[in-house]
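Trainee:
Chains as they are written, first to last, in this note's numbering: chain A, 13 to 471; chain B, 13 to 471.
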């Protein structure tokens with residue numbers, strides 16, 4: 013029987029890292045064999061690049077496709093880059109039609125071609141049907157493998173038919189009733205089948221009012237329908253004809269809900285949906301640079317507004333106008349890191365086993381962004397505001413704060429969690445305090461200490 | 013058969029408001045009768061207070077409990093305040109044990125007492141068992157109504173037993189196999205029952221490795237387990253004895269995932285989990301004041317840091333130190349509104365039908381918070397920093413920006429959505445720009461125009 017240890021994600025992670033450190037690949041392999049694809053994907057997402065690679069190489073070939081499907085888009089793409097056409101074609105085999113369709117869309121043309129031509133005609137047509145729909149609609153989400161019965165048969169016939177099936181689809185809670193033209197008539201749940209007499213006809217006991225989803229319904233709306241109606245599966249039909257096309261199951265809907273929510277959390281913090289805990293430093297730095305750059309632009313606009321009132325502030329105007337940029341850039345960088353770490357904690361992907369790796373990665377990202385934006389802010393100060401001395405001060409402060417901010421973004425939520433305080437709420441407040449104070453102290457401290465010297469150099 | 017119109021949330025909302033405006037209560041009632049409790053809850057959450065009240069009064073009494081269960085905590089509490097003990101007791105009847113337990117914990121003692129004493133002994137004991145667990149654990153989430161079979165019976169006996177049942181629990185995808193002491197042995201899915209021969213024994217075909225959840229498992233971890241293993245239902249057992257206590261179903265897990273994600277989005281923006289689109293103005297204003305107050309405190313700490321470098325900035329120090337407070341407060345207030353509106357759009361709760369109500373509400377909240385924080389910032393400027401003139405300028409700018417910010421928070425995402433741009437991502441950038449520019453322009457513009465006058469008054 014399942015033991016409690018296997019249900020604890022943090023415990024599983026630390027077991028994995030111990031095994032990797034002691035070089036016991038056999039123990040890792042045995043552990044991976046006992047996990048579902050979704051759980052393996054979860055472990056991979058929670059691992060720094062090196063461990064990630066080891067785990068991925070130990071995944072059995074027949075499971076590779078199923079694990080890839082469960083991974084976030086960013087990680088999946090990076091793992092797939094390392095695979096050749098043969099390996100990819102192999103990985104796609106054995107996936108269900110809806111998973112395969114999702115997956116094929118991200119593959120190179122040669123792989124799509126090879127995969128499709130290696131399938132039997134019925135499967136190929138099914139995959140092509142799903143590929144014809146937008147992936148964010150019911151048509152793109154659905155599995156075309158359905159179990160259908162005719163309205164005039166009896167319960168007994170249905171039961172005998174089911175008993176002959178070897179391979180029923182997952183999450184089968186209801187059969188769909190269709191006429192000879194495959195037009196949807198209603199559905200009959202397994203519970204209804206089990207609780208009615210063998211001689212009753214399907215059409216007398218089927219549910220004609222069960223929820224039907226049109227092929228073009230957007231996935232977000234499907235999620236709301238499943239949520240509000242507590243569905244496990246629902247038929248997908250062509251809108252005009254009511255022809256049955258496939259079915260959608262709750263497991264795919266749960267993925268839609270989770271992805272949509274994650275994307276929303278991330279984009280509010282200016283993160284891209286592909287941003288993940290252990291994305292490569294360069295990729296992370298480049299993605300976050302977009303948001304930092306936009307913020308710098310708005311800060312310069314604010315500085316311009318401040319500049320319009322020169323007589324009011326009357327002196328040291330450039331410093332006063334530019335110093336606000338430092339804490340605000342730190343706030344942005346820090347809250348992006350904070351968002352990833354807080355979500356990682358919520359999803360069981362951040363624990364003491366990987367905090368250090370995360371820490372190092374974030375320092376690198378901070379350093380890269382710090383260098384870039386220090387240069388930019390220096391250039392603008394020196395050439396637009398004609399204040400090279402202040403530019404140097406502001407640039408050094410920028411670098412310091414952009415390194416300090418992600419460090420605070422990792423350590424604050426981890427520390428708060430240890431103290432039993434909700435890192436999502438308290439983290440943002442504390443982070444802003446830290447980035448504001450370090451930011452202002454850096455820019456003004458440097459100004460006090462070194463501005464006269466720079467002025468003596470540049471005049 | 014279900015028509016497409018009923019699946020479109022925005023269409024449903026505008027139909028509702030038209031019916032309310034034309035006073036056609038009968039049409040509303042007919043519409044509500046065709047909806048599931050979750051859908052009615054969704055409509056109520058998307059409605060401003062007045063419409064909310066009308067819809068709630070038209071919900072049939074027998075559905076009231078089920079709708080209350082589906083509502084967010086904040087709205088539920090406000091609706092329940094208007095109900096007397098009899099109505100509440102009535103509403104609780106007919107709920108499943110897990111829903112009832114969730115619900116009872118939020119009710120006054122007299123209602124709990126009356127409800128429990130009006131139930132038969134078996135149900136009462138079940139509810140009390142669930143009430144004994146923390147509501148955020150498997151024990152608190154579970155339904156105690158389970159369908160169990162003994163390991164030594166045959167498929168045929170199980171099928172005949174099921175056929176005699178009138179009232180099987182929802183989401184029944186598997187039966188639990190227990191011995192005579194109610195110790196969990198394994199599970200058998202309906203599909204297995206349907207595809208095996210009648211004379212096979214349960215113990216030969218049951219799944220002994222299916223996932224088991226311990227009563228103390230936190231709900232967030234349950235969500236991960238259901239997600240990673242694609243479960244529809246799972247048994248809850250006592251950890252030491254493996255005694256079967258109840259079952260958890262995917263519909264409750266979906267609620268956990270959604271709530272957890274919503275709470276995370278909200279708390280990153282400093283919103284309380286009870287904050288909702290149409291919460292009463294005073295409640296919203298008070299809740300958001302906490303975050304604004306904290307931000308002001310950190311801003312004053314930053315101002316103190318700036319003050320340490322007085323010789324560097326050398327003049328107009330107080331204005332330079334305090335002016336940064338205005339855009340940052342506007343940023344906080346605006347992004348809170350933005351977060352609510354962006355999530356409302358994502359969940360189909362914000363459309364052109366209710367934008368105006370939302371707009372008015374947010375202006376009121378902004379006005380209230382603006383007045384409070386204008387006073388505070390004036391008091392601190394005048395009495396701590398000894399700058400009453402600058403205090404007046406900063407206070408007026410604060411009021412203006414705290415009214416402008418929520419207006420931007422509503423209009424930006426709605427406008428972006430109309431233009432087909434993701435309001436979550438673009439909204440945050442634009443909002444910061446708006447609140448920064450209005451903030452700095454207000455504080456410096458007012459200073460330029462009126463500071464000499466205030467100085468002549470206060471010296």
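Each residue gets a CB set at the ideal place from its N, CA and C atoms; glycine is no exception. Source: prediction; values computed, not measured.
Please return the same chain residues whose Cβ sits closer than 6 Å to the Cβ of residue 286 (chain B), not counting the five positions on each side in sequence.
Mentor: Its chain contains 85 and 86 as the residues whose beta carbon lies nearer than 6 Å to that of residue 286 (chain B), once the 5 sequence neighbours on both sides are disregarded; these appear in chain order.
Trainee: Can you tell me which residues form a DSSP beta bridge with residue 279 (chain B)?
Mentor: According to DSSP, which records beta bridges pairwise, residue 279 (chain B) is partnered with nothing at all.
Trainee: Give the secondary structure of residue 190 (chain B) by DSSP, where H, G and I count as helix, E and B as strand, and everything else as coil.
Mentor: strand
Trainee: Taking C-beta pairs closer than 7 Å, name the residues in chain A that residue 240 (chain B) reaches, listed in chain order.
Mentor: The CB of residue 240 (chain B) comes closer than 7 Å to the CB of 48, 50, 51 and 54 in chain A, given here in chain order.
Trainee: Would you give the residue range spanned by the beta strand (DSSP E) that residue 209 (chain A) belongs to?
Mentor: Looking at the DSSP string, residue 209 (chain A) is not in any beta strand (DSSP E), and its letter there is neither H nor E.
Trainee: Can you grab the Cα-Cα spacing for the pair residue 267 (chain A) / residue 106 (chain A), in whole Å?
Mentor: 20 Å
Trainee: Buried or exposed for residue 373 (chain A), going by 16 or more other Cβ atoms inside 10 Å?
Mentor: Of the residues assessed, residue 373 (chain A) falls on the buried side of the cut-off, its CB having 16 or more other CB atoms within 10 angstroms.
Trainee: Report the three-state DSSP secondary structure of residue 247 (chain A) (helix, strand or coil).
Mentor: Looking at residue 247 (chain A) - three-state DSSP - the assignment turns out to be strand.
Trainee: Taking 7 Å as the threshold (beta carbon to beta carbon), is residue 436 (chain A) in contact with chain E?
Mentor: Protein chains A and B are contained in the structure displayed, whereas chain E is not.
Trainee: DSSP beta-bridge partners for residue 229 (chain B)?
Mentor: Looking at the DSSP output, residue 229 (chain B) bridges to nothing.
Trainee: With 7 Å set as the bound, which would you pick, yes or no: does the beta-carbon of residue 266 (chain B) sit closer than that to a beta-carbon of chain A?
Mentor: yes
Trainee: Below 7 Å between beta carbons: does that hold for residue 260 (chain A) and residue 244 (chain A)?
Mentor: no
Trainee: Which residues does DSSP pair with residue 29 (chain B) in a beta bridge?
Mentor: Per DSSP, none; premise fails for residue 29 (chain B).
Trainee: With respect to the beta strand (DSSP E) encompassing residue 369 (chain B), which residues constitute its N-terminal and C-terminal limits?
Mentor: Here residue 369 (chain B) belongs to no beta strand (DSSP E); instead the alpha helix (DSSP H) covers 367–391.
Trainee: Given that residue 269 (chain A) touches chain B, what residues does it touch there, using C-beta distances under 7 Å?
Mentor: Among the residues of chain B, those whose CB is under 7 Å from the CB of residue 269 (chain A) are 266, 269 and 270, following chain order.
Trainee: Going by DSSP, which residues form a beta bridge with residue 255 (chain B)?
Mentor: B:195
Trainee: Can you name the start and end residues of the alpha helix (DSSP H) that residue 38 (chain B) belongs to?
Mentor: 37–45
Trainee: CB residue 5 (chain A) to CB residue 378 (chain A), shorter than 7 Å?
Mentor: In the structure displayed, chain A extends from 13 to 471; residue 5 (chain A) sits before or after that span and is not available.
Trainee: Can you say whether residue 239 (chain B) is buried or exposed, counting buried as having 16 or more other CB atoms within 10 angstroms of its CB?
Mentor: buried
Trainee: Identify the residues that DSSP records as bridge partners of residue 160 (chain A): which are they?
Mentor: A:188
Trainee: Could you tell me the distance, in whole angstroms, from the CA atom of residue 274 (chain A) to the CA atom of residue 347 (chain A)?
Mentor: 15 Å
Trainee: What number of angstroms, rounded off, separates the C-alpha of residue 154 (chain B) from the C-alpha of residue 246 (chain B)?
Mentor: 9 Å
Trainee: Note down the Cα distance separating residue 338 (chain B) from residue 392 (chain B), rounded to an integer number of angstroms.
Mentor: 14 Å
Trainee: Please classify residue 49 (chain A) as buried or exposed, where buried requires at least 16 neighbouring CB atoms within 10 angstroms.
Mentor: buried
Trainee: Expressed to the nearest angstrom, what Euclidean distance is found between the alpha-carbon atoms of residue 88 (chain B) and residue 433 (chain B)?
Mentor: 33 Å
Trainee: Of all the beta strand (DSSP E) runs that stay within the bounds of the stretch 40–94 of chain B, which reach a length of 3 or more residues?
Mentor: Correct list: empty.
Trainee: Does the beta-carbon of residue 209 (chain B) have 16 or more other beta-carbons within 10 angstroms, so that it is buried, or is it exposed?
Mentor: exposed
Trainee: Put residue 449 (chain A) into one of helix, strand or coil per three-state DSSP.
Mentor: helix
Trainee: Let me check understanding here. Comparing Cα to Cα, which of A:94, A:24 and A:376 lies closest to residue 294 (chain A)?
Mentor: Looking from the CA of residue 294 (chain A), the closest CA among A:94, A:24 and A:376 belongs to A:376.
Trainee: Roughly how many angstroms separate the alpha carbons of residue 197 (chain B) and residue 236 (chain B), rounded to a whole number?
Mentor: Taking the straight line from one Cα to the other gives about 23 Å.
Trainee: Does the beta-carbon distance from residue 417 (chain A) to residue 447 (chain A) come in below 7 Å?
Mentor: yes
Trainee: From residue 455 (chain A) to residue 403 (chain A), what does the alpha carbon distance come to, in whole angstroms?
Mentor: 10 Å
Trainee: Kindly indicate which three-state DSSP category residue 347 (chain B) falls into: helix, strand or coil?
Mentor: Annotated three-state conformation of residue 347 (chain B) is helix, per DSSP.
Trainee: Determine the contact status of residue 188 (chain A) and residue 158 (chain A), defining contact as a CB-CB distance below 7 Å.
Mentor: yes
Trainee: Check whether the stretch 67–79 of chain A and the stretch 40–56 of chain A touch, using three or more Cβ-Cβ pairs below 8 Å as the test.
Mentor: yes
Trainee: For residue 427 (chain B), count neighbouring C-beta atoms within 10 Å of its own C-beta (all shown protein chains included) and say buried if the count is 16 or more, exposed if not.
Mentor: Exposed: under 16 other Cβ atoms inside 10 Å.
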